[in-house]
Amino acid sequence: MQKQRIYLDNGASTQLDRQVLQVMLPFWTETYGNSSSHHSFGRQAEQALEEARTTVAKLLGAAASEEIVFTGCGSESDNLAVRGAMWAARAHGKGNHLITSCIEHSAVGQTAVSLHTHHGFDLTILPVDHSGQVRPADLEAAIRPDTVLVSIMAANNEIGTLQPIDELGAIAHAYGALFHTDAVQAVAVQRWQLAQQPIDLLSVAPHKFYGPKGMGMLYVRQGVELQPELTGGSHENGLRAGTVNVPFAVGAAKALELAMADLPETVAHYQRLRDRLIEGVLTAVPDNAILTGHPTHRLPHNASFAFRHLSGNDLLMHLDMAGIAASSGSACKSGDPKPSAVLEALGLGREWTKGGLRLTVGRHNTMDEIEQVVATLPRLVAKLQKIHVMFA
Ligand SMILES: Cc1ncc(COP(=O)(O)O)c(C=O)c1O
């Protein structure tokens, strides 16, 4: 009999919702025209594309459907926002300074460093407090008349901390800077009223909420100028050349619609599972485990820990052998034996920073599964820590 597997890596990606699959299918086999073509096949595809755009815009509370740009992934949305804003400002002689935080996903963090190192943009990287939040006073102190863009993620992918983005965005606006937020982890677990929020650019990746992988979206407030990354045709309002992936756009809109329709129930389900995980693990491993990230201002589906004197990657391997899928940080970092830069940024010492574990619950997880994890995980931690003591 096949062993039951438990998937607790929904922060890395989620199972495609069957309702999403159903709405996508006809756009490969029946309505397959190019949405830019001037014939009935093209017009049908274009209509579906624009309906998807309108749905997303409404669900995010944007002022107009043209504010939604379809991209190829969350990373591309981040790149388009950050690079696009900085290059557009330089083209118009409007400033050279970029501010971000030290715990951004690499799609923002590496992009910012590359703009600084290779292209001479000034860069300020803000610290975070021990819970992973950027202090608004630090932003206030760092912002300058030539600051073009402030890019601070809505929620951290590793430790789940939510940032005070409305407060940070208001500071950016008070100084005439644009505000971008990478909302890849957060977009489907809270409500948005983008037209009323101090946010100019917001990145989305539908595979984090039961939509297709290889699709991203970027909200671009009307009037915000970006230089495109992909040049060629005038698709996506001139911001992203290339034939638009209509099936994925339709799927992304459906996924967001489903997420928003069940939001209170889903969040309550996530919180119940997450809180039991946190309580169960901290009770069973009282001295050698800590909860990382903010205790309350955190993603409802994220339970993240650091274990003392333990390699998160070894723990992942043992969990995998026990049928439990987790992550030691963002998916892209799994397998990397270096200490977690996010855990270091929280001020944790070296005895903790290699021992990060992220458990992210999803719609399909049950309390029974969580109880199995709570029963299994402490045993594995104890075993690995015993090995560490033997070889220390
Ligand atoms: C916060 C955050 N930003 C950006 C990304 C990149 O998204 P994608 O994998 O769709 O490029 C991720 C993916 O894990 C993420 O968690």
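In our numbering, the protein residues as written are 98 to 489.
Here a beta-carbon is modelled for each residue, glycine too, at the ideal position from N, C-alpha and C.
It should be emphasised that the depicted structure is a prediction, and the values quoted were computed from it without experimental measurement.
Between the beta-carbon of His332 and that of Val343 there is about 11 Å, and that puts the pair past the 8 Å contact cut. Per the DSSP secondary-structure output, Leu454 pairs in a beta bridge with Phe402.
Leaving aside the five residues that flank Ala356 on each side, the residues in its chain whose CB is nearer than 6 Å to its CB run, in chain order, Ala285 and Phe306. Residue nearest to Tyr104 within the set Gln469, Leu298 and Val486 is Gln469 (criterion: CA-CA distance). Here the alpha carbons of Arg405 and Val486 stand approximately 11 Å from one another. Here the distance from the Cβ of Ser172 to the nearest heavy atom of ligand 1 is below 7 Å. Looking at the DSSP output, Asp279 shares a beta bridge with Ser300. In the three-state DSSP reduction, Met183 falls in the helix class (H, G or I). Taking every protein chain shown into account, the CB of Asp297 has 16 or more other CB atoms within 10 angstroms, so this residue is buried. Taking a C-beta distance under 8 Å as the contact criterion, Glu201 and Ser437 do not qualify as a contact pair. Taken in chain order, the whole alpha helix (DSSP H) runs of length 4 or more contained in the stretch 180–255 are 203–216 and 233–239. Its chain contains Met464, Ile467, Glu468 and Val471 as the residues whose beta carbon lies nearer than 8 Å to that of Arg373, once the 5 sequence neighbours on both sides are disregarded; these appear in chain order. Apart from the 5 residues on each side of it in sequence, Lys451 sits with its Cβ closer than 7 Å to the Cβ of Ser408, Gly409 and Pro436 in its chain, given in chain order.
It is roughly 16 Å from the alpha-carbon of Lys310 to the alpha-carbon of Gln119. Contact check for Ala267 against Ile240 fails: the beta carbons are separated by 8 Å or more. DSSP places Met312 outside both helix and strand once states are collapsed to three, so it counts as coil. The continuous alpha helix (DSSP H) containing Val120 extends over residues Arg115 to Met121.
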